[in-house]
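A.B. asks: Just dropping this structure here.
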Amino acid sequence: MKLNDLVIIGVAATTVVSCAPSKKEYASYELYPVRTGSLTEMEYAPDATRFTLWSPTADEVRLMLYDAGDGGHAYETVAMSPAENGTWTAKVEQDLKGKFYTFNVKIDGKWLGDTPGINAQAVGVNGKRAAVIDMRETDPEGWAEDKRPPLASPADVIIYEVHHRDFSIDPSSGIRHKGKFLAMTETGTVNPDKLATGIDHLKELGVTHVHILPSYDYASVDESKLDENKYNWGYDPQNYNVPDGSYSTEPYKPDVRIREFKQMVQALHKAGIRVVLDVVYNHTFNTAESNFERTVPGYFYRQTPDGGFADASACGNETASNRAMMRKYMVESVLHWINEYHIDGFRFDLMGIHDIETMNEIRKAATAADPTIFIYGEGWAASAPQLPQDSLAMKANTYKMPGIAAFSDEMRDALRGPFNDNHQGAFLAGLPGGEESIKFGIAGAVKHPQVNNEGVNYSKAPWAEQPTQMISYVSCHDDMCLVDRLKASVPGITPEELTRLDKLAQTAVFTSQGVPFIYAGEEVMRDKKGVHNSYQSPDSVNAIDWKRKTEHADVFAYYKGLIQLRKNHPAFRLGDAGLVREHLEFLPVEGSNVVAYRLKGHAGGDTWGNIYVVLNARKETAKVSVPEGKYTVVCKNGFISEQGLGTMYGPEISVPAQSAIIFYQ
Numbered sequence: 152m153k154l155n156d157l158v159i160i161g162v163a164a165t166t167v168v169s170c171a172p173s174k175k176e177y178a179s180y181e182l183y184p185v186r187t188g189s190l191t192e193m194e195y196a197p198d199a200t201r202f203t204l205w206s207p208t209a210d211e212v213r214l215m216l217y218d219a220g221d222g223g224h225a226y227e228t229v230a231m232s233p234a235e236n237g238t239w240t241a242k243v244e245q246d247l248k249g250k251f252y253t254f255n256v257k258i259d260g261k262w263l264g265d266t267p268g269i270n271a272q273a274v275g276v277n278g279k280r281a282a283v284i285d286m287r288e289t290d291p292e293g294w295a296e297d298k299r300p301p302l303a304s305p306a307d308v309i310i311y312e313v314h315h316r317d318f319s320i321d322p323s324s325g326i327r328h329k330g331k332f333l334a335m336t337e338t339g340t341v342n343p344d345k346l347a348t349g350i351d352h353l354k355e356l357g358v359t360h361v362h363i364l365p366s367y368d369y370a371s372v373d374e375s376k377l378d379e380n381k382y383n384w385g386y387d388p389q390n391y392n393v394p395d396g397s398y399s400t401e402p403y404k405p406d407v408r409i410r411e412f413k414q415m416v417q418a419l420h421k422a423g424i425r426v427v428l429d430v431v432y433n434h435t436f437n438t439a440e441s442n443f444e445r446t447v448p449g450y451f452y453r454q455t456p457d458g459g460f461a462d463a464s465a466c467g468n469e470t471a472s473n474r475a476m477m478r479k480y481m482v483e484s485v486l487h488w489i490n491e492y493h494i495d496g497f498r499f500d501l502m503g504i505h506d507i508e509t510m511n512e513i514r515k516a517a518t519a520a521d522p523t524i525f526i527y528g529e530g531w532a533a534s535a536p537q538l539p540q541d542s543l544a545m546k547a548n549t550y551k552m553p554g555i556a557a558f559s560d561e562m563r564d565a566l567r568g569p570f571n572d573n574h575q576g577a578f579l580a581g582l583p584g585g586e587e588s589i590k591f592g593i594a595g596a597v598k599h600p601q602v603n604n605e606g607v608n609y610s611k612a613p614w615a616e617q618p619t620q621m622i623s624y625v626s627c628h629d630d631m632c633l634v635d636r637l638k639a640s641v642p643g644i645t646p647e648e649l650t651r652l653d654k655l656a657q658t659a660v661f662t663s664q665g666v667p668f669i670y671a672g673e674e675v676m677r678d679k680k681g682v683h684n685s686y687q688s689p690d691s692v693n694a695i696d697w698k699r700k701t702e703h704a705d706v707f708a709y710y711k712g713l714i715q716l717r718k719n720h721p722a723f724r725l726g727d728a729g730l731v732r733e734h735l736e737f738l739p740v741e742g743s744n745v746v747a748y749r750l751k752g753h754a755g756g757d758t759w760g761n762i763y764v765v766l767n768a769r770k771e772t773a774k775v776s777v778p779e780g781k782y783t784v785v786c787k788n789g790f791i792s793e794q795g796l797g798t799m800y801g802p803e804i805s806v807p808a809q810s811a812i813i814f815y816q
């Protein structure tokens with residue numbers, strides 16, 4: 152979301168019908184008929200193509216057929232016939248492959264305007280017309296054999312959040328298909344110093360999941376003017392079930408974007424990496440001109456008590472996940488991305504706008520397709536949605552949604568500072584008070600006897616049933632990236648301090664019992680020139696400069712080492728709240744700005760008996776008491792080696808300033 156993330160209180164509201172009176176009027180949206188079976192609107196066969204549109208309040212519906220995806224006029228207009236459950240149907244008995252179509256709905260004497268439908272799965276340039284294609288012809292070679300990389304547990308997930316342009320657009324990437332889906336299919340790409348970039352870099356780093364920012368067809372970039380290099384994150388939904396054309400090599404050809412998206416997924420799968428799609432079902436780019444509103448006015452959006460459009464997204468509207476057909480639409484859309492595109496996970500933008508029942512239905516459908524599909528989201532909204540707080544998929548209600556995770560802004564802000572003031576620091580800046588919130592995050596937001604929730608910044612109670620329901624992170628595409636935030640919040644920070652504090656922050660993230668998440672480029676000290684909301688900033692701000700991999704080789708090695716440490720040691724990813732309470736023990740420390748804990752008793756079957764982690768944000772050495780004995784150090788002074796960096800002896804150990812230490816017995 153390109154907004155600051157706000158934790159809000161929900162309010163109840165009555166159901167209001169906002170569309171003008173119609174011959175087919177219903178007393179409430181709950182009484183609208185629900186379409187049975189699939190919500191497919193176009194079924195192609197060489198001899199005939201069948202069209203079906205759900206528009207229960209329509210008086211008439213026309214189907215328009217076109218030769219091209221834009222420009223020109225319809226070469227044929229077909230009157231659709233009313234059918235069951237509020238649908239309208241038409242059958243065109245000719246081979247329409249390669250043609251385009253729109254629908255136009257008439258209500259109370261007014262034609263609402265062309266729409267590709269709510270469920271277009273192939274579109275022309277800029278998504279204004281849907282396309283008739285044979286989806287099997289979009290499958291790349293070997294697609295039927297494409298398999299998800301193995302995943303034993305959600306506790307094993309390590310997420311890398313990336314924007315297509317950022318990842319490959321800089322000349323230093325060495326990537327040919329810059330800013331495109333195909334950028335993630337290229338192997339052997341290197342920076343000017345011959346260090347791996349692109350997909351080889353991701354393999355080297357060791358992440359398990361690549362979270363791609365919105366990649367469905369969004370409205371804010373004109374696909375016919377790609378030479379203008381207009382940038383956007385993509386939180387502007389237009390057609391939910393088709394890839395965006397700006398990331399394809401040929402936005403005018405409907406099959407190309409679909410095939411290239413699949414090639415990207417296939418290449419990442421071959422590299423052992425799963426793919427998470429960022430989905431934005433909470434609002435649409437347009438309201439009155441949206442596909443939803445031009446098909447069934449009022450139904451797909453929530454209204455305020457006075458009948459206007461509610462706006463918990465701060466983008467002009469909020470969708471009504473609680474209504475039967477919107478819920479069905481969301482479930483089917485997720486399944487379309489799973490089945491057609493082999494997507495392995497979903498990140499829900501402003502998930503707090505959706506209702507709990509819908510999110511649980513999505514989880515149930517995804518589990519039936521593949522239980523290893525990972526689902527998480529933002530457990531908040533921009534302002535109060537039009538539903539009671541206890542029915543919304545807010546962070547505080549995460550425990551009511553098994554198998555769904557939420558971002559922990561508690562740990563994030565305790566480390567770096569509050570979201571509403573970029574210049575205010577916290578633990579990393581040497582300010583006291585964040586320790587309990589960091590412990591909350593280390594425990595994975597589950598109930599733990601040593602976490603005093605009264606001292607936690609935003610949540611006075613644990614909200615996760617299991618630690619895998621908490622996303623552990625210190626920055627993402629939203630707000631400042633970590634380097635910029637440290638520069639803004641630590642006055643007079645030196646390059647050496649910047650590196651130390653960056654490594655310290657991610658040590659907390661990767662040793663947390665939650666699911667670790669990093670923003671692309673942080674492993675090479677990416678910055679965005681201090682811009683915190685870069686959703687439409689130019690490439691000069693957003694692009695990852697791959698020369699930084701050379702300049703910050705020690706930081707990359709540290710991130711890679713943390714990931715390998717987590718993978719090699721199940722103690723850091725117990726995946727079960729009971730095991731966390733049994734094996735995770737926080738150690739007493741004197742003073743502030745130090746958090747120390749141990750994972751005891753061969754936690755999770757670990758080969759290391761007792762593992763100690765100390766996070767020291769002070770500008771001086773910290774002393775921590777531990778049991779007497781000999782310890783092997785594996786992380787110290789910004790270096791990691793599981794073979795050992797030396798030995799230490801209890802009962803007191805020293806932790807260098809602004810750094811983490813990890814050692815074991």
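What the sequence shown shows, in my numbering, is residues 152 to 816, in sequence order.
Backbone N, C-alpha and C fix where the C-beta goes; we use that ideal spot for every residue, glycine too.
1. Within 8 Å, do at least three Cβ pairs link the stretch 396-411 to the stretch 435-442?
2. Specify the secondary structure class of residue 787 as computed by DSSP and reduced to three states.
3. For residue 553 and residue 619, I'd like the C-alpha separation in whole angstroms.
4. Would you call the stretch 739-750 in contact with the stretch 783-797, where contact means no fewer than 3 C-beta pairs closer than 8 Å?
5. Starting from residue 489 and walking both ways along the alpha helix (DSSP H), at which residues does that stretch end?
6. Comparing C-alpha positions only, which one of 311, 325, 330 sits nearest to residue 317?
7. To the nearest angstrom, report how far apart residue 311 and residue 674 are at their CA atoms.
8. Suppose you measure from the CA of residue 685 to the CA of residue 364; what does that come to, to the nearest Å?
9. What is the rounded straight-line gap between the Cα of residue 444 and the Cα of residue 558?
10. Taking 7 Å as the threshold (C-beta atoms), are residue 777 and residue 813 in contact?
11. For residue 195, report the span of its beta strand (DSSP E) as first-last.
12. Name the DSSP beta bridge partners of residue 805, please?
13. Once the 5 residues before and after residue 323 are set aside, which same chain residues still bring their CB inside 8 Å of it?
14. Looking at residue 755 and residue 725, is the spacing between their C-beta atoms short of 7 Å?
15. Ordered along the chain, which non-local residues of its own chain (more than five positions away) have a Cβ less than 8 Å from that of residue 798?
16. Would you check if the stretch 273-292 and the stretch 639-652 touch, i.e. whether three or more CB-CB distances between them fall below 8 Å?
17. Under 8 Å by Cβ, that's how I've got residue 191 and residue 203 pegged, so tell me the actual separation to the nearest angstrom.
18. Exposed or buried, residue 654, counting other C-beta atoms within 10 Å across all chains shown (16 or more means buried)?
19. How is the alpha helix (DSSP H) around residue 691 delimited, first residue to last?
20. Quick check on residue 289: does DSSP put it in helix, strand or coil?
21. Tell whether a beta-carbon distance below 7 Å holds between residue 615 and residue 621.
22. Write down the C-beta distance between residue 256 and residue 241 rounded to the nearest angstrom, noting that I regard them as a contact closer than 8 Å.
23. So does the stretch 501-510 actually touch the stretch 531-546, counting three or more Cβ pairs closer than 8 Å?
24. Report the CB separation of residue 625 from residue 717 in whole angstroms; it is logged as a contact under 8 Å.
25. Answer yes or no: do residue 395 and residue 375 have a C-beta to C-beta separation smaller than 7 Å?
26. Using 8 Å for Cβ pairs, my map puts residue 125 next to residue 250. What's the rounded Cβ distance?
27. In chain order, what are the residue ranges of uninterrupted alpha helix (DSSP H) at least 4 long that sit wholly in the stretch 391-438?
28. So, helix, strand or coil for residue 232, using DSSP?
29. Per DSSP, what are the beta-bridge partners of residue 388 in this structure?
30. With DSSP run on the structure shown, which of helix, strand or coil describes residue 277?
31. According to DSSP, is residue 168 helix, strand or coil?
32. Grouping DSSP H, G and I as helix and E and B as strand, with all else coil, what is residue 454?
33. I'd like the span of the alpha helix (DSSP H) that includes residue 709, first residue to last.
34. What distance in whole Å lies between the Cβ atoms of residue 762 and residue 728, which are believed to be in contact at a cut-off of 8 Å?
C.D. replies: On the basis of the data shown:
1. Contact fails: fewer than three Cβ-Cβ distances are below 8 Å.
2. Counted from its first residue, the sequence shown places residue 787 at position 636. For residue 787, the three-state secondary structure derived from DSSP is strand.
3. The sequence position of residue 553 within the sequence shown is 402, counting from 1. The sequence position of residue 619 within the sequence shown is 468, counting from 1. Their Cα atoms are separated by approximately 10 Å.
4. Output reads no: the stretch 783-797 does not touch the stretch 739-750.
5. The count along the sequence shown starts at 1 and reaches residue 489 at position 338. Residues 475-492.
6. Stepping through the sequence shown from its first residue, residue 317 is reached at position 166. If we check each option's Cα against that of residue 317, 330 comes out closest.
7. Position 160 of the sequence shown holds residue 311. Position 523 of the sequence shown holds residue 674. Annotation: residue 311 to residue 674 spans about 10 Å, alpha carbon to alpha carbon.
8. As a first step, residue 685 is located in the sequence shown; it is residue number 534 there, counting from the start. As a first step, residue 364 is located in the sequence shown; it is residue number 213 there, counting from the start. Each residue's CA atom was taken as its position, placing residue 685 and residue 364 some 13 Å apart.
9. Position 293 of the sequence shown, counting from 1, holds the residue named residue 444. Position 407 of the sequence shown, counting from 1, holds the residue named residue 558. Separation of residue 444 and residue 558 (C-alpha to C-alpha, rounded to the nearest whole angstrom) is 31 Å.
10. For the purposes of this step, residue 813 is taken as the residue at position 662 of the sequence shown. For the purposes of this step, residue 777 is taken as the residue at position 626 of the sequence shown. Their beta carbons are not under 7 Å apart, which means residue 813 does not touch residue 777 by this criterion.
11. On the sequence shown, position 44 is the one that residue 195 refers to. That residue, residue 195, is in no beta strand (DSSP E); it is neither H nor E in DSSP.
12. Taking the first residue of the sequence shown as 1, we reach residue 805 at position 654. DSSP output for residue 805 lists 774 as bridge partner(s).
13. Taking the first residue of the sequence shown as 1, we reach residue 323 at position 172. Result list for residue 323: 342, 343, 348, 696, 697, 698, in chain order.
14. Taking the first residue of the sequence shown as 1, we reach residue 725 at position 574. Taking the first residue of the sequence shown as 1, we reach residue 755 at position 604. With respect to residue 755, residue 725 sits close: the two C-beta atoms are nearer than 7 Å.
15. Stepping through the sequence shown from its first residue, residue 798 is reached at position 647. Counting only Cβ-Cβ distances below 8 Å, and skipping sequence neighbours, we find 781, 782, 783, 784.
16. Of all C-beta pairs linking the stretch 639-652 to the stretch 273-292, fewer than three are shorter than 8 Å, placing the two stretches out of contact.
17. Translated into the one-based positions of the sequence shown, residue 191 becomes position 40. Translated into the one-based positions of the sequence shown, residue 203 becomes position 52. The C-beta separation of residue 191 from residue 203 comes to about 7 Å, placing the pair in contact by the 8 Å criterion.
18. For the purposes of this step, residue 654 is taken as the residue at position 503 of the sequence shown. The residue in question, residue 654, is buried, as its Cβ has 16 or more Cβ neighbours within 10 Å.
19. What you label residue 691 is simply residue 540 of the sequence shown in a count that begins at 1. Bounds of the alpha helix (DSSP H) holding residue 691 are 690-693.
20. Taking the first residue of the sequence shown as 1, we reach residue 289 at position 138. Residue 289 sits in a helix when the DSSP states are folded into three classes.
21. Taking the sequence shown and counting its residues from 1, the one referred to as residue 615 is at position 464. Taking the sequence shown and counting its residues from 1, the one referred to as residue 621 is at position 470. Going by C-beta atoms, residue 615 is nearer than 7 Å to residue 621.
22. One-based indexing of the sequence shown puts residue 256 at position 105. One-based indexing of the sequence shown puts residue 241 at position 90. At roughly 13 Å, the Cβ-Cβ gap does not stay under 8 Å, so residue 256 and residue 241 are not in contact.
23. By the Cβ rule, the stretch 501-510 counts as touching the stretch 531-546, because three or more pairs are nearer than 8 Å.
24. Counting from 1 along the sequence shown, the entry for residue 625 is found at position 474. Counting from 1 along the sequence shown, the entry for residue 717 is found at position 566. The pair is not a contact, with the Cβ atoms about 16 Å apart (cut-off 8 Å).
25. Position 244 of the sequence shown, counting from 1, holds the residue named residue 395. Position 224 of the sequence shown, counting from 1, holds the residue named residue 375. Going by C-beta atoms, residue 395 is not nearer than 7 Å to residue 375.
26. For the chain, the structure presents residues 152 to 816; residue 125 sits outside this window and is missing.
27. Runs found: 405-421.
28. What you label residue 232 is simply residue 81 of the sequence shown in a count that begins at 1. Residue 232: strand per DSSP, three-state reduction.
29. As a first step, residue 388 is located in the sequence shown; it is residue number 237 there, counting from the start. 369.
30. Numbered from 1 along the sequence shown, position 126 holds the residue referred to as residue 277. In the three-state reduction of the DSSP assignment, residue 277 falls in the helix class.
31. Taking the sequence shown and counting its residues from 1, the one referred to as residue 168 is at position 17. With a pLDDT of 39 at residue 168, under the threshold of 50, the modelled position of that residue is not reliable, and no figure is offered here.
32. Here residue 454 is taken as the residue at index 303 of the sequence shown, counted from 1. DSSP, read as helix, strand or coil, puts residue 454 in strand.
33. Reading the sequence shown from its first residue, position 558 is the one you call residue 709. Residues 704-719.
34. As a first step, residue 728 must be located in the sequence shown, where it is residue number 577. As a first step, residue 762 must be located in the sequence shown, where it is residue number 611. Actually they are not in contact, since the Cβ atoms of residue 728 and residue 762 sit about 19 Å apart, beyond 8 Å.
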